[in-house]
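Numbering (full-length UniProt numbering), first residue to last: 1 to 213.
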């Protein structure tokens, strides 16, 4: 049984190219219509007039054929554009039921293990969130673990990555929250205060040792 494979986007591109070719041909034919349909006789004799009339008739016949070809070309472009739209509509209409069917089948497969073990049989784990920073584990048979939540508070550890299934990769752990400019400034002020206290204590100790030593 033969199968037809069509790419709607390629049909749209082809229709656009054909429309451009038709416009170029129409412009070229319009530019020469006067010189090909009304050929001027080379002389005043009957032979020159007959030759000019013959060429004019050929030019007029050519323009009639060009007009018919332009109509056919325009109809072909319209049919091609409509076919691309029909294929795209059919793909969109079929994709939604198939996607829903796949989700239903996957839900039916994962329901028993999710109810008994709290973990699906197939599927990737969800990434961590602010409320639940740890990534969810992947499916028991197949699935990647979810990534841990990235901490936003300075010095707070990120969430742990979820465990992988029998086939899959574990999720990446979330990084520790970085210290902002205000936090770094506060730390620097604390260090300066501590260092100043130590320096003053050392100076006082030196004075006491010089007096009582």
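A virtual CB, placed ideally from N, CA and C, is assigned to each residue, including glycine.
Using DSSP's beta-bridge definition, name the partner residues of residue 122. 142
Grab me the residues of residue 133's own chain with a C-beta within less than 7 Å of its C-beta, minus the 5 sequence neighbours each way, in chain order. 148, 149, 158, 159, 174
For residue 167, which beta-bridge partners are listed by DSSP? 142
Cutoff 8 Å; reference residue 42; Cβ partners in own chain excluding five residues on either side: 48, 51, 52
Which residues in the same chain as residue 139 place their Cβ atom closer than 6 Å to its Cβ, once the five residues preceding and following it in sequence are excluded? 120, 121, 122, 123, 165
In this structure, does DSSP put residue 31 in helix, strand or coil? helix
Of the residues 144, 137, 131, 142, which one's Cα is nearest the Cα of residue 229? Absent from the structure is residue 229, since the part of the chain shown begins at 1 and ends at 213.
Coarse secondary structure for residue 214, derived from DSSP in three states: Summary: the structure shown does not reach residue 214, with the chain confined to residues 1 through 213, and so no result is reported for it.
If contacts are defined as beta-carbon pairs under 8 Å, then residue 143 and residue 128 qualify, I think. What distance do you get, rounded to the angstrom? 16 Å between Cβ atoms; not a contact.
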